[in-house]
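>
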Amino acid sequence: MRVSWHRSLFVRLFLLGAMTAVVAVVAATWATVRSTTVAVQQEQEQSLHADATTYDALVAYAATHTSWSSASALIDRLAATTGSSVTVTDPTGRVLHSSSGNSSPRAPAAARAEIDPLDVDVVLLSSAAPSAATEPAPVACEAVAEISACREFVVPVRAGIDRRALGPFAEPFARGAWFRLEQRVNRCVIRAGLEPVLALRQDFSAIVSTPESSDQVARCVDRSRRAVLSRYVAPQALLYVGSEPAQPSVFWDLSGDSQRRIALLAGAVLLLTLALSALLTAYVVRPLRTLALAVDRAGSGDLSARAPARRSDEVGELARAFNDMASRREQLESARRQLVSDVSHELRTPLANVRGWVEAAQDGIAPLDAQLLSSVHEEALHLERLVDDLHDLALGDAGELRLAPAPVVVQDLLSQVAESFASPILAVSCAPSVVIEADPVRLRQALVNLVANALRHTPPTGSVVLAATPRSITVTDTGEGIPEAELPFVFDRFHRVDRSRTRATGGTGLGLAIVRQIMEAHGGNAVITSSPGEGTTVTLTFPALPCGVSS
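For the sequence shown, position 333 (counting from the first letter as 1) is numbered 333 according to the UniProt record's numbering, and the numbering increases by one without interruption.
1) To the nearest whole angstrom, what separates the beta carbons of F204 and V241, a pair I think is in contact under 8 Å?
2) Counting Cβ pairs, one atom from each stretch, are 3 or more of them under 8 Å apart for the stretch 65-79 and the stretch 9-29?
3) If you follow the alpha helix (DSSP H) that residue 566 is in, where does it begin and where does it stop?
4) Does the stretch 284-297 come within contact of the stretch 260-271, defined as at least 3 CB pairs closer than 8 Å?
5) If we ignore side chains and look at the alpha-carbon of each, how far apart do S531 and E314 end up?
6) Quick one: is E534 buried, meaning 16 or more other Cβ sit within 10 Å of its Cβ, or exposed?
7) Tell me whether W357 is buried or exposed, calling it buried when 16 or more other Cβ atoms sit within 10 Å of its Cβ.
8) Rounded to a whole number of angstroms, what is the C-alpha to C-alpha distance between T476 and L288?
9) Checking 8 Å against the spacing of the C-beta atoms, do A218 and V120 come in under that value?
10) Taking its Cβ as the centre, do 16 or more other Cβ atoms sit within 10 Å of Q517, making it buried, or is it exposed?
11) Taking all protein chains shown into account, do 16 or more other C-beta atoms lie within 10 angstroms of the C-beta of L15, making it buried, or fewer, making it exposed?
12) What residue from G509, A431, A526 and G83 has the CA that sits closest to S341's CA?
13) Compute the Euclidean distance between the alpha carbons of L395 and D324, then round it to the nearest angstrom.
14) Helix, strand or coil, according to DSSP, for residue 559 in the structure here?
15) In this structure, does DSSP put E384 in helix, strand or coil?
16) Is it true that the stretch 394-412 meets the stretch 430-440, where meeting means three or more beta-carbon pairs spaced less than 8 Å apart?
17) Judging by CA-CA distance, which residue of V123, S374 and L347 is the nearest neighbour of D56?
18) If you draw a straight line from the C-alpha of H457 to the C-alpha of V464, how long is it?
19) Which runs of the beta strand (DSSP E), 3 residues or longer, sit entirely within the stretch 405-479?
20) Within 10 angstroms of its Cβ, does H97 collect 16 or more other Cβ (buried), or is it exposed?
21) Taking only heavy atoms of the ligand MN into account, decide whether any of them is closer than 7 Å to the Cβ of T64.
22) Can you tell me which residues form a DSSP beta bridge with V315?
23) So if DSSP puts I115 in a beta bridge, which residue, or which two residues, is it bridged to?
24) For a test of the three-state rule: what should DSSP assign to T89, helix, strand or coil?
25) Could you give the residue range of the alpha helix (DSSP H) that holds V120?
26) State buried or exposed for T461, treating a residue as buried only when at least 16 other CB atoms are found within 10 Å of its CB.
27) What does the alpha-carbon distance come out to for the pair E244 and V86?
28) Should D369 go down as buried or exposed, given a rule of 16 or more other Cβ atoms within 10 Å for buried?
29) Considering only the beta carbon of each residue, do A234 and A62 sit closer than 8 Å?
30) Looking at the structure shown, is V221 part of a helix, part of a strand, or coil, going by DSSP?
31) What would DSSP say about S344, mapped onto helix, strand or coil?
32) Look at V228 and R164 and say whether their C-beta atoms are less than 8 Å apart.
33) So, helix, strand or coil for S214, using DSSP?
34) Terminal residues of the continuous alpha helix (DSSP H) containing L512?
35) Let me know the secondary structure DSSP gives L280 once reduced to three states.
36) Can you tell me the Cα-Cα spacing of V189 and S84, whole angstroms?
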């Protein structure tokens, strides 16, 4: 029987492993990327803050000094504060100052920023002005009467020049500097075809009469201001931050290549996990399929079907359990067939005898006298005993062998059994105080079977002894004994040590089987020991409520 693929245990186990692998890989990848991103962002923020602090301090120095000759102390202090080396070079790369004591005339790495107070980096400079010009705003009039004539607009300062770069404008007598700056601005705007500015404010913003000229005016003010301040600030320089001589190459930098590497690695891990899941699933499912085939064969009647049981895990235990069940079933089937054969044989012989004698009497061959009737009666009794024995065995197999336990004086019971046989070689050895709890009818039936077997196989010169203790009853004979190879089978149905199957030596082969069932119903047991040529002893034990009671 073939299971459809969507119901297959292999598919279900594989999908379970695949889903687990996908979730694990995706979660691990997401956690790695997320933690790496956060770490990189935090590192970048810390690095940017440290770089901004260094850059701001050096721009402030350049805005208030005309050279870099006295910047060594500041650079060393910045390096100690940020924990990174700080190097300042000129635009050609010649080292001006270095906190790490680098005596090389060249810079060790790419510049972090360009230090120019007249062209600052607004990202790094925490104290820089706004980065873009705003729209020109009208000048507020101080009186209502002036509102109609108030047609002046303010052009704000463009970003780029550090506010600390004041140069001559910070001197006590800076009127001349402001006059020269205004002249430069007007020459610039006139060359651009615009009207001169109305005035320049202390914050370097310009006042114009039309807002349309604001962009050009802002450029002219910025250009003129740079020209005036260039003689009062330090020369342009390059800033290098960090102790490494070059930019480190990071494997996981979350760039496009890094993301592709992450995807390839995650895919490889996923494929490997899926392959292992497939192997593990096949390892589990393959023996189950083999076991299913064996079960199907056994269900179809092949009792020799077995499953491989080489594994030591739960699947191997299941295979061994099936093999044990199949072996037991094969044994039971063999016993059933043997039982049918034995029963048919046991019934065939007496029935054939009865039929033969009756037909002989009908044909006038044999006289219908007392001898013939006695023979027919004997065969009928044998059939009755056989049917009764089979009935008792059937009751025992069905668990319906009913008992009526009662206190039994063992000496009286053994004496009754011995008297029923009236054999000179049969003796009783039992104390009168021995009492057991048992069904007297069934116990007598068992003892009768045992004594009959013992007398059948004991010569006239031998002896058979019935003995009892508070816990057991024994039947001992000095007969021919039982071969050791036959002892494990003597309680099987229709088993005979003598294969001749004669009435005198073989019996029905059911007596000992009935004895065992009666003792098991009492909660006890029947054990047989024998030595060929010396005799046999059968011991009936009573673990349930045996007691010695004084009569």
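The beta-carbon is built from N, C-alpha and C at its ideal position, and this holds for glycine as well.
Quick look at the numbers:
1) Contact flag wrong, Cβ pair sits at about 31 Å.
2) no
3) With the chain represented from 1 up to 551, any question about residue 566 goes unanswered, as that position is not in the structure.
4) no
5) 45 Å
6) exposed
7) buried
8) 53 Å
9) no
10) buried
11) exposed
12) G509
13) 26 Å
14) The chain is shown from 1 up to 551; residue 559 falls before or after that span and cannot be answered.
15) helix
16) yes
17) V123
18) 10 Å
19) 406-409, 426-429, 434-438, 464-469 and 472-477
20) buried
21) The model on display carries no ligand, and the ligand MN is accordingly not part of it.
22) DSSP, once it has assigned bridges, lists no residue as partnering V315.
23) A237
24) strand
25) No alpha helix (DSSP H) contains V120, which DSSP labels as neither H nor E.
26) exposed
27) Low per-residue confidence applies at E244: pLDDT is 47, beneath 50, and the placement is therefore not dependable, though the value from the model is reported in the following sentence. Answer to the nearest angstrom: the Cα atoms are 11 Å apart.
28) exposed
29) yes
30) helix
31) helix
32) no
33) helix
34) G511 to A521
35) helix
36) 46 Å
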